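The sequence shown: position 87 = 68 (our numbering), numbered continuously.
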Amino acid sequence: MKKHNLAFIDLETTGLNPHKHEIIEIGGVIARQVPQPDRGPKLEVIEEFEFKIKPARLEDAEPQALRVNGYNDEEWLFAPSLKEVLTNISPKIKDCVMVGQNVHFDWGFLQEAYLQTGITNPLHYHKIDILPIFFAKTYHNNNVNWYNLGTMAELFGVKNEKAHTALADIRVTFEIYKKLLNIE
């Protein structure tokens, strides 16, 4: 069994700049690799989490980002603060290797969030991004012209009923990861 669990994490944000914009939603699937005799490893889901996060600087938000993420005041009215959410999830993701699609985007926002709140980032320093794996495996496929989660999901037959919501997107990422690596 691998030493570190995997934390599949997706964020929805109010824009593209982690120093200006905020995380407004976080979703995660925590999994561990379980060896199987005479077969490759199996990924076993330990836990899932999803939080809307109350924005502190909504005036800095990009209107397009809010539209894409489906932000509305009503659904975020009683959302917890960023610090409350990070305090809640930090023990769950401690020493996990972060996995995502375009993981450096989410990592940048998480790093900034941990710095702003004064909480130590508990994630392991290694990260796995499914985007370059997909790119390498489909480089010579003339039918693949876009390298995003929607294209990957379509190619692998993974449905995403609630695209651009953190938990739905990370569940899709989890399924694509398994398909890319041929694991259960």
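For each residue, glycine too, the CB sits at the ideal point set by N, CA and C. Quick caveat, the model's predicted, so the values are computed rather than measured.
- By the CB criterion at 8 Å, Leu(-3) and Ala12 fall outside the cutoff.
- In the DSSP assignment, Gln14 falls within the unbroken beta strand (DSSP E) covering Ile4 to Gln17.
- Residues of the same chain with a CB within less than 7 Å of the CB of Asn102, apart from the 5 flanking positions on each side, are Leu91, Gln92 and Tyr95 in chain order.
- Straight-line spacing of the CA atoms in Ala60 and Asn123 works out to 44 Å.
- The alpha carbon of Lys1 has as its nearest neighbour, out of Phe115, Pro36 and Gly8, the alpha carbon of Pro36.
- Judged by DSSP in its simplified three-state form, Glu(-7) adopts strand.
- Boundaries around Val78 are those of the beta strand (DSSP E), Val78 to Gly81, since no alpha helix (DSSP H) includes it.
- Of the other Cβ atoms in all chains shown, 16 or more fall within 10 Å of the Cβ of Asp87; this residue is therefore buried.
- Taking 8 Å as the cut-off, the Cβ atoms of Ile114 and Thr154 do not count as close.
- Leu24 sits in a strand when the DSSP states are folded into three classes.
- By the criterion of at least three beta-carbon pairs nearer than 8 Å, the region 74 to 83 is in contact with the region -15 to -4.
- For Ile114, DSSP assigns no beta-bridge partner whatsoever.
- CA-CA distance, Thr146 to Leu130, rounds to 12 Å.
- In the DSSP assignment, Trp127 falls outside any alpha helix (DSSP H), carrying neither H nor E.
- In the three-state DSSP reduction, Ile109 falls in the strand class (E or B).
- In the displayed model, Ala46 falls within a helix according to three-state DSSP.
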